[in-house]
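Quick note, the sequence shown lines up with residues 9 to 227 if you use the numbering used here.
Even for Gly, the Cβ is constructed at its ideal location relative to N, Cα and C.
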Amino acid sequence: MTDKKRVMCFGDSLTWGWVPTMAGAPTTRYPFAERWTGVMAAALGEGYEVLEEGLSARTTNLDDTTDARLNGSNHLPAALATHFPLDLVIVMLGTNDTKAVFRRTPYEIANGLSKLLIQILTSAGGVGTVYGAPKVLVICPPPLADMPHEWFQGMFEGGREKTLAMPKQYKALCSFFGIEMLDAGQIMSTNGCDGIHFTAEDNKILGSAVAGKVSSLLA
Numbered sequence: 009m010t011d012k013k014r015v016m017c018f019g020d021s022l023t024w025g026w027v028p029t030m031a032g033a034p035t036t037r038y039p040f041a042e043r044w045t046g047v048m049a050a051a052l053g054e055g056y057e058v059l060e061e062g063l064s065a066r067t068t069n070l071d072d073t074t075d076a077r078l079n080g081s082n083h084l085p086a087a088l089a090t091h092f093p094l095d096l097v098i099v100m101l102g103t104n105d106t107k108a109v110f111r112r113t114p115y116e117i118a119n120g121l122s123k124l125l126i127q128i129l130t131s132a133g134g135v136g137t138v139y140g141a142p143k144v145l146v147i148c149p150p151p152l153a154d155m156p157h158e159w160f161q162g163m164f165e166g167g168r169e170k171t172l173a174m175p176k177q178y179k180a181l182c183s184f185f186g187i188e189m190l191d192a193g194q195i196m197s198t199n200g201c202d203g204i205h206f207t208a209e210d211n212k213i214l215g216s217a218v219a220g221k222v223s224s225l226l227a
């Protein structure tokens, strides 16, 4: 391992840093210091290196017919091997799995996440290395809010109800795997004007909370 503790953050647009707009898209990205990953990095200090692997619209393990890049389980193994050595992987996914087109229940979303947890926990060795598998922290995203844009309304029809039910399933999953979890909905809300994404203040709240959790896990 390096002298710094290395933390990889694997997620979707909430990790990438999507700036919410009333029009929905296209958009821009929050600066690193304003993304929750950057807030966390600043709080953790010089002894940590934070690596970002956020992709907007990423799912847990679903193929999106509109974009072949979005299946998280297809990309995660390569991302792990790319960034080894790793002390911790933080996974925050599931929001995009609530899209109406996927017809997933909250349990099925958590089950999709389980594939990624298995990939992380069995990742020891990477590609030709001696490094062990990292620890894992799961973040359950906060519930979706009201969406003013009709396209997003159709895209996420029924999604808010699913996001409200997801923490229970995520807690059960993490208990089963013996993995730590942070329920973001207990400390923040989704306040972006599109009803999906974070404000700068949302990012600040989440990043500060995650930093505390990481410090505890890697103490």
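With distances taken between CB atoms, is the gap from residue i to residue j smaller than 8 Å?
i: Ile126; j: Val97; result: no
i: Leu190; j: Ala217; result: yes
i: Leu145; j: Glu188; result: yes
i: Gly203; j: Asp154; result: yes
i: Thr103; j: Asp210; result: no
i: Phe160; j: Ala108; result: no
Compare the C-alpha of residue i against each of the options and name the closest.
i: Ile147; options: Phe185, Gly46, Leu101, Leu70; result: Leu101
i: Lys143; options: Pro34, Phe18, Asp95; result: Asp95
i: Arg14; options: Thr45, Arg37, Tyr115; result: Thr45
i: Leu181; options: Ala118, Met163, Pro150; result: Ala118
i: Ala219; options: Asn79, Thr73, Gly53; result: Gly53
i: Asn82; options: Ala108, His91, Lys123, Thr113; result: Lys123
i: Pro34; options: Ala41, Asp20, Ser64, Asn211; result: Ser64
i: Val135; options: Glu158, Thr113, Leu88; result: Leu88
i: Asp71; options: Phe92, Glu42, Arg112, Cys201; result: Arg112
i: Val232; options: His91, Ala76, Thr74, Thr68; result: Past the edges of the chain, shown from 9 to 227, lies residue 232, and the structure says nothing about it.
i: Ala31; options: Glu158, Asn199, Val222; result: Glu158
i: Lys170; options: Asp75, Phe110, Phe184, Ser224; result: Phe110
Compute the beta-carbon to beta-carbon distance between residue i and residue j, rounded to the nearest angstrom, for a pair I have assumed lies under 8 Å.
i: Pro156; j: Leu172; result: At roughly 20 Å, the Cβ-Cβ gap does not stay under 8 Å, so Pro156 and Leu172 are not in contact.
i: Phe206; j: Leu22; result: 6 Å
i: Thr67; j: Asp105; result: 5 Å
Give me whichever residues DSSP pairs with residue i in a beta bridge.
i: Gly19; result: Gly62, Met100
i: Arg43; result: None, per the DSSP bridge assignment.
i: Asp72; result: Asp75
i: Tyr56; result: Lys13
### Query
Taking the runs of the beta strand (DSSP E) that are 3 residues or longer, which of them lie wholly in the segment 173–216?
If we require 3 residues or more, the beta strand (DSSP E) runs fully inside the segment 173–216 come out as 188–191.
### Message
I'd like the ranges of any alpha helix (DSSP H) spanning at least 4 consecutive residues and lying wholly in the segment 103–160.
### Response
Taken in chain order, the complete alpha helix (DSSP H) segments of 4 residues or longer contained in the segment 103–160 are 114–129.
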